[in-house]
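**Student:** First, the structure itself, so that you have it in front of you.
Protein chains: 2
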Amino acid sequence: MLPSWNDTESKKAIIEFVERIATEDSTDFVPVPERIAVFDNDGTLWAEQPTMVEGFFTFDRIHEMVANDPAMKETQPFKAFLEKDVAAIHALGKRGIVEFVMKAHEAETQEAFKELVTDWFANAIHPHFKQPYTQCIYQPQLELLDYLRANGFKTFIVTGGGIEFVRTVAESIYSIPPEQVVGSSTKTQFDLKDKKVQVARLGELRSFDDREEKVVNINLHIGRRPLFVFGNSDGDLRMMQYTLSSDGPCMAMLLHHDDAQREVAYDKDFKLSPLNEALSVAKDWGIHIVSMKNDWNKVFAFQ
Amino acid sequence: MLPSWNDTESKKAIIEFVERIATEDSTDFVPVPERIAVFDNDGTLWAEQPTMVEGFFTFDRIHEMVANDPAMKETQPFKAFLEKDVAAIHALGKRGIVEFVMKAHEAETQEAFKELVTDWFANAIHPHFKQPYTQCIYQPQLELLDYLRANGFKTFIVTGGGIEFVRTVAESIYSIPPEQVVGSSTKTQFDLKDKKVQVARLGELRSFDDREEKVVNINLHIGRRPLFVFGNSDGDLRMMQYTLSSDGPCMAMLLHHDDAQREVAYDKDFKLSPLNEALSVAKDWGIHIVSMKNDWNKVFAFQ
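Protein sequence lines, in the order shown, are assigned to chains A and B.
Residue 31 in the UniProt record's numbering sits at position 31 of the first sequence; the count goes up by one each step and never skips.
Residue 112 in the UniProt record's numbering sits at position 112 of the second sequence; the count goes up by one each step and never skips.
Here it is in structure tokens:
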């Protein structure tokens, strides 16, 4: 059970919680339909350093866009993306980046966008790990997702990343279907042409799925308070507090990236998506901190 | 199989379609995760005459609101609702009603609202059928939902009704969990007070889930083009066309209320939610028309 997790407090706490809510004569028993688990994606299920996977996709998309319109080259933030100037990009802030990314992810329809993303994932390689991005996912989390599902949980992703971007691969890499992915989204529009209906992309941000908005979107998409939540940054604190406000059994976990050898060590100094406030209030709220270094005996399957 | 359906063309078409997409060596085989079926609710799964179930809930809520603020009594549309003046209410139009209903469904939080709805359903009785509203659901459709699920379909509701209203009962009456209900929604807001997080209701319409917007919301919530769609009004035509624009196998059905004896006979003259355009283009788009009178040998379980 959970073979890539060491036999530390974190693993014990997970198993104790799952057995408690899944045992029929336990006072904390929770019926299967209410077993909702939500996971952040960037930095929780897959690596987000030196920057988010969607950032790398955007770098490549912008090169293609500039080829069609060379005047873009000298304007910001195109220039920063073209030069992969991570510091200049991070200075835009997480919301600013997501807004730009929605504009930069040009495609007429959702289906055309999905094709672009599928093609990109089939060829792109992570600059540090030298693996396809779809391999730069945390093996212990795959085991945890499987373990939760084997115990009747429905698993959801609630990500600051683009909902269509993550949906394109979530089913094949995490066994999480599109309808169980919640994320940032662009405005869209019904389009009927030549007796064909498509959903047109409008390139303007509809929802920036971060912090408070993660709670609003969990309510909109899932309609139930989660029982279990796993995040890794201040962007996930609000959904952890939402989960922990339940009157019944509940559990929140926070992944601490403290493993410079096998992955990267960072927390409050990652300006784009820091882990700072969540770390400081974790004890007070009863959030379990997972140490990548101590709690995981394997990070990636390829290692 | 489908015992409340007569052995007519409609039943044959459903079974032929399901067997075709579920047979592994069929050229039209569709893998289980892509078997998405969407159903409208009012008039498709439960009765919507003399007006929608949520309308009756609103009548009762308004009486409670007016008791707290008697000045409301003389203002419109409160007056029309207080007097159950269906003609005056219908004159507001479907969107106008949904906007008002969102305002009238006053509750501080989503959980408080759910409690109001739960209590109401436990006591309210349909004025014509003299049964709880949760019994005024179509028996053939319950069988169809079960049949589709037994064949690997995931069943969704896509309703013009309030998402929280329908979610409250969808699991117990249709076996459809909250996360598989898409509907009209009010704006909401994250709320943290006394170390408790709630989702606050703001009473302002966020999404009116009708016509084109049903397609936009299917994309947002489900993220896949449905394989099978069932509706009963022009409000459902757009999602039928979306389904039928698939390159692969797909099926759309339209319930025609032509049974004045066991239910009600109505179509284009129902001003609030007419069946008019959809009926006239059905043949051209390959939409199957289901006759309540001829295709169903039973309408409600209590009959």
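Beta carbons are placed, not taken as given, at the ideal position from N, Cα and C, and that holds for glycine.
All values reported here derive from a predicted model rather than from experimental measurement.
#1: Taking just the CA atoms, how far does Leu-82 of chain B sit from Asn-232 of chain B?
#2: Within 10 angstroms of the Cβ of Pro-177 of chain B, are there 16 or more other Cβ atoms? Answer buried if so, exposed if not.
#3: Using C-beta distances below 7 Å, list every residue in its chain close to Glu-213 of chain A, excluding the 5 sequence neighbours before and after it, in chain order.
#4: Tell me, please, whether the CB atom of Pro-249 of chain A is closer than 9 Å to any CB atom in chain B?
#5: Cα-Cα, which of B:Glu-277, B:Arg-149, B:Gly-183 is closest to Ile-157 of chain B?
#6: Among A:Leu-237, A:Ala-252, A:Asp-284, A:Pro-226, which one has its Cα closest to the Cα of Pro-274 of chain A?
#7: Here's the rule: buried if 16 or more other CB atoms are within 10 angstroms of the residue's CB, otherwise exposed. What is Met-253 of chain B?
#8: Please report the distance separating the alpha-carbon of Gln-33 of chain B from that of Thr-75 of chain B.
#9: Counting only Cβ pairs nearer than 7 Å, list the residues of chain B close to Phe-190 of chain A.
#10: Helix, strand or coil: which one does DSSP assign to Phe-302 of chain A?
#11: Which residues does DSSP list as the beta-bridge partners of Gly-162 of chain A?
#12: Between Asp-69 of chain A and Ala-265 of chain B, what straight-line distance do the alpha-carbon atoms span, to the nearest angstrom?
#13: Among the candidates A:Phe-56, A:Tyr-174, A:Gly-152, whose CA atom is the shortest distance from the CA of Leu-45 of chain A?
#14: According to a CB-to-CB cut-off of less than 7 Å, which residues of the stretch 101-117 of chain A neighbour chain B?
#15: Here's a check: name, in chain order, each residue in its chain whose Cβ is nearer than 8 Å to the Cβ of Ser-245 of chain B, leaving out the five neighbours to either side.
#16: Smallest Cα separation from Ser-291 of chain B: which of B:Val-216, B:Leu-255, B:Phe-29, B:Arg-262?
#17: Kindly indicate which residue of B:Lys-84, B:Val-30, B:Asp-295, B:Val-229 has the alpha-carbon position closest to the one of residue 310 of chain B.
#18: Could you tell me if Ile-125 of chain A is buried or exposed, where buried requires 16 or more neighbouring beta carbons within 10 angstroms of its beta carbon?
#19: In the stretch 159-182 of chain A, which residues sit with their C-beta less than 8 Å from some C-beta in chain E, listed in chain order?
#20: Indicate the three-state DSSP secondary structure (helix, strand or coil) for Thr-155 of chain B in the structure shown.
#21: How would you list, in chain order, the residues of chain B whose beta-carbon sits under 7 Å from the beta-carbon of His-221 of chain A?
#22: Within a Cβ cutoff of 8 Å, which residues of the same chain sit near Val-30 of chain B, ignoring the five residues on either side of it in sequence?
#23: Examine the Cβ distances between the stretch 5-18 of chain A and the stretch 84-104 of chain A and report whether three or more of them are shorter than 8 Å.
#24: Where does the unbroken alpha helix (DSSP H) through Arg-61 of chain A begin, and where does it stop?
#25: If I'm right that Val-181 of chain A touches Val-215 of chain B with Cβ under 8 Å, what's the distance once you round it to whole angstroms?
#26: Does at least one heavy atom of the ligand PLP sit under 8 Å from the Cβ of Pro-140 of chain B?
#27: Between Lys-154 of chain A and chain B, is there a C-beta pair that is closer than 9 Å?
#28: Looking at C-beta atoms only, is the number of pairs between the stretch 161-168 of chain B and the stretch 46-56 of chain B that lie closer than 8 Å three or more?
#29: Does Val-229 of chain A have its Cβ less than 9 Å from a Cβ in chain B?
#30: Could you pull out every residue in the same chain whose Cβ sits closer than 7 Å to the Cβ of Lys-187 of chain B, ignoring the five residues on either side in sequence?
#31: Drop a sphere of 10 angstroms on the beta-carbon of Phe-190 of chain B, count the other beta-carbons inside from all chains shown, and report buried for 16 or more, exposed for fewer.
#32: Report all residues from its chain with a CB closer than 7 Å to the CB of Val-166 of chain B; omit the five preceding and five following residues, and keep chain order.
#33: Any idea which residues DSSP pairs Phe-228 of chain B with across the strands?
#34: For His-105 of chain B and Val-117 of chain B, I'd like the C-alpha separation in whole angstroms.
#35: Under 9 Å between C-beta atoms, does Val-199 of chain A make it to chain B?
#36: Could you please tell me which residues of the stretch 121-154 of chain B, in chain order, have their CB closer than 8 Å to any CB of chain A?
**Tutor:** Looking at the coordinates:
#1: 28 Å
#2: Its Cβ being crowded by 16 or more others within 10 Å, Pro-177 of chain B is buried.
#3: Ser-207.
#4: no
#5: B:Gly-183
#6: Per the Cα distances, A:Leu-237.
#7: Met-253 of chain B sits buried, since 16 or more C-beta atoms from the chains shown fall within 10 Å of its C-beta.
#8: Here residue 33 of chain B turns out to be Pro, not Gln, going by the sequence shown. Near 50 Å, if we compare the C-alpha coordinates of Thr-75 of chain B and Pro-33 of chain B.
#9: Glu-212, Val-215, Val-216, Arg-238
#10: Coil, per DSSP.
#11: A:Ser-184
#12: 59 Å
#13: A:Tyr-174
#14: Gln-110
#15: Arg-225
#16: B:Leu-255
#17: Outside the displayed span of chain B (1 to 303) sits residue 310 of chain B, for which this structure offers no information.
#18: exposed
#19: Absence of chain E from the displayed structure is noted, the protein chains being A and B.
#20: strand
#21: Glu-179, His-221
#22: In the same chain as Val-30 of chain B, and ignoring 5 residues on each side of it, the C-beta atoms closer than 8 Å to its own belong to Ile-21, Ala-22, Leu-227, Gly-248, Pro-249, in chain order.
#23: no
#24: 53-68
#25: No, Val-181 of chain A and Val-215 of chain B are not in contact; Cβ-Cβ is about 19 Å, not under 8 Å.
#26: No copy of the ligand PLP occurs in the structure displayed, which carries no ligand at all.
#27: yes
#28: yes
#29: no
#30: Leu-202, Glu-204, Arg-206
#31: Looking at its Cβ environment, which holds 16 or more other Cβ atoms inside 10 Å, Phe-190 of chain B is buried.
#32: Asn-41, Ile-157, Thr-159, Val-181, Gly-183
#33: B:Ala-37, B:Met-251
#34: 10 Å
#35: yes
#36: Lys-154
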